[in-house]
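**Student:** Just so we're aligned: the sequence shown equals residues 1 to 155 in the UniProt record's numbering.
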Amino acid sequence: MEYTLHPPSPQHFATLGDWISDAEQCLRWAGPKLAFPFDPAVLQSLLETEPMDSYALLDQHASLAGFGQIFRREPGTGHLGRIIIDPRRRQQGIGQILCSELIRAGVQRQGFRAMTLWVYLDNAPAVQLYSALGFVAEAREGAAGCQFMRLQMAA
């Protein structure tokens, strides 16, 4: 199956809202600024809290398979966040496709030379994915149970 990044539509945000089923999942995905329950129809405005680019990963049938954002925080560095895969499609390699495409978009569109992210250490599939993509753990104080990781691009 083929997947491509696109700007998300209001319908994509509504679909994302259906993927978040409880307050714990919402906190882990979106952080403390998004309270659960939320109205999926206004999810886009709720997520736009700082400078970032949002992306929908669509399959060849234009069906939403995943979503992620690239935040612009440090000069020359993008920060991946709010990565989520359609619950019915998890453990099928789509997370790797989404993250690889997000990294490529950050390099091509913003000229980022590094990417960072936070990952919950008890999310073993995510930790394994980010390590396989070349992200390396970095000491940085954050939420309990989370690890900061950085991917440095070759010069």
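Where a beta carbon is used, it is the ideal one built from N, C-alpha and C, also for glycine.
Please tell me whether, using a cut-off of 7 Å, the distance from the CB of Ile85 to the nearest non-hydrogen atom of the ligand PLP is below it.
**Tutor:** You won't find the ligand PLP in this model; it holds no ligand whatsoever.
**Student:** With a cut-off of 8 Å on the beta carbons, I'd call Ala105 and Leu43 a contact; round off their distance for me.
**Tutor:** About 21 Å separates the beta carbons of Ala105 and Leu43, which is beyond the 8 Å limit, so they are not a contact pair.
**Student:** Is Phe71 near Glu50, with beta carbons less than 8 Å apart?
**Tutor:** yes
**Student:** Measuring only the C-alpha atoms, how far is Tyr3 from Ile97?
**Tutor:** 8 Å
**Student:** Quick one, are the C-beta atoms of Leu133 and Gly81 less than 8 Å apart?
**Tutor:** no
**Student:** Would you call Gln69 buried or exposed, if buried means 16 or more other Cβ atoms sit within 10 Å of its Cβ?
**Tutor:** buried
**Student:** Can you tell me whether Arg1 is buried or exposed? The criterion is at least 16 other CB atoms within 10 Å of its CB, across all chains shown.
**Tutor:** In the sequence as presented, Arg is not what sits at residue 1; that position holds Met. A residue is called buried once 16 or more other Cβ atoms fall within 10 Å of its Cβ, and Met1, having fewer, is exposed.
**Student:** Measure the alpha-carbon distance for Ala139 versus Phe148 and round it to whole angstroms.
**Tutor:** 7 Å
**Student:** Based on DSSP bridge pairs, tell me the residues matched to Trp118.
**Tutor:** DSSP, once it has assigned bridges, lists Phe148 as partnering Trp118.
**Student:** Report all residues from its chain with a CB closer than 6 Å to the CB of Ile85; omit the five preceding and five following residues, and keep chain order.
**Tutor:** Gly66, Ile94, Gly95
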